[in-house]
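Engineer: In the working numbering, the protein residues as written are 99 to 268. The beta carbon of each residue, even a glycine, is placed where N, CA and C say it ideally should be. Small disclaimer: the values here were computed from a predicted structure and weren't measured.
Dropping the structure here:
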């Protein structure tokens, strides 16, 4: 019996058996396989087991469906292939299926590998160079604030000079 092994920690069930017919996968509760991760779409993809093979089809998900790091719209699954839905990784296993080959992408679909998301260790770390292309915008408030501060500072200096001048005259 074909099955999905959930490789990402903290998702819940580690193995899900795939029965013949259609199995829907996504974040919404009405799916056959629920993956409670924000990077997974409500109805992300489906796997259809029929005629001795397993086909996976993306259901217009936001973050795409990747088989062995190739984004697909539809593909035939082979035992041992990895599936990535958003940031969740799964492995398809079927003892009766052929061994892994490259994912079969529909002609005209994008098949370039997509970069992975941010690793937990990278969160909060600054990049080596600041972002370019942003100009500092000044507002009227900034100008008036600076002008007001300069006037107040000048008055304080004049006041201190007058105080020391008259204090020294006594």
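1) Would you mind reading off the limits of the beta strand (DSSP E) that contains residue 186?
2) Should residue 139 and residue 124 be called a contact, given that it needs their Cβ atoms to be closer than 8 Å?
3) Around the Cβ of residue 184, are there at least 16 other Cβ atoms within 10 angstroms (buried) or fewer (exposed)?
4) Go ahead and pull the three-state DSSP assignment for residue 171.
5) Taking contact to mean 3 or more Cβ pairs, one atom from each stretch, closer than 8 Å, check whether the segment 132-147 and the segment 160-169 are in contact.
6) Taking residue 151 as part of the beta strand (DSSP E), name the residues at either end of that continuous run.
7) Can you tell me where the beta strand (DSSP E) with residue 165 in it begins and where it stops?
8) So is residue 112 buried or exposed if we call it buried at 16+ other beta carbons inside 10 Å?
9) Where does residue 117 sit, in a helix, a strand or coil, going by DSSP?
10) Where does residue 243 land, buried or exposed, given buried means 16+ other C-beta within 10 angstroms?
11) Taking C-alpha atoms, which residue in 187, 255, 186, 176 lies nearest to residue 194?
12) If you count every other CB in all the chains shown that lies within 10 Å of the CB of residue 116, and 16 or more means buried, which is it?
13) Who are the near neighbours of residue 153 in its chain, counting only those whose CB is closer than 6 Å to its CB and skipping five residues on each side?
Structural biologist: In short, the structure shows the following:
1) Working through the chain shown from its first residue, we reach residue 186 at position 88. Judged by DSSP secondary structure, residue 186 falls within the beta strand (DSSP E) whose first and last residues are 186-191.
2) As a position in the chain shown, residue 139 is number 41, starting the count at 1. As a position in the chain shown, residue 124 is number 26, starting the count at 1. With contacts defined by Cβ atoms closer than 8 Å, residue 139 and residue 124 form a contacting pair.
3) The count along the chain shown starts at 1 and reaches residue 184 at position 86. With 16 or more Cβ atoms within 10 Å of its Cβ, residue 184 is classed as buried.
4) Your numbering for residue 171 matches position 73 in the chain shown. The answer is coil: DSSP assigns residue 171 none of H, G, I, E or B.
5) Contact between the segment 132-147 and the segment 160-169 is present, because at least three Cβ pairs lie under 8 Å.
6) Looking up residue 151 in the chain shown gives position 53. DSSP places residue 151 inside the beta strand (DSSP E), whose first and last residues are 151-156.
7) Indexing the chain shown from 1 puts residue 165 at position 67. First-last of the beta strand (DSSP E) with residue 165: 163-165.
8) Here residue 112 refers to the residue found at position 14 of the chain shown. It is exposed - the Cβ of residue 112 has fewer than 16 other Cβ atoms within 10 Å.
9) Taking the first residue of the chain shown as 1, we reach residue 117 at position 19. Residue state, collapsed to three classes: coil.
10) Numbered from 1 along the chain shown, position 145 holds the residue referred to as residue 243. Residue 243 comes out exposed.
11) Along the chain shown, read from residue 1 onward, the residue named residue 194 stands at position 96. The shortest Cα separation from residue 194 among 187, 255, 186, 176 belongs to 176.
12) Looking up residue 116 in the chain shown gives position 18. A buried status is given to residue 116, since no fewer than 16 other beta-carbon atoms sit within 10 Å of its beta-carbon.
13) Taking the first residue of the chain shown as position 1, residue 153 is located at position 55. The answer, listed in chain order, is 146, 174.
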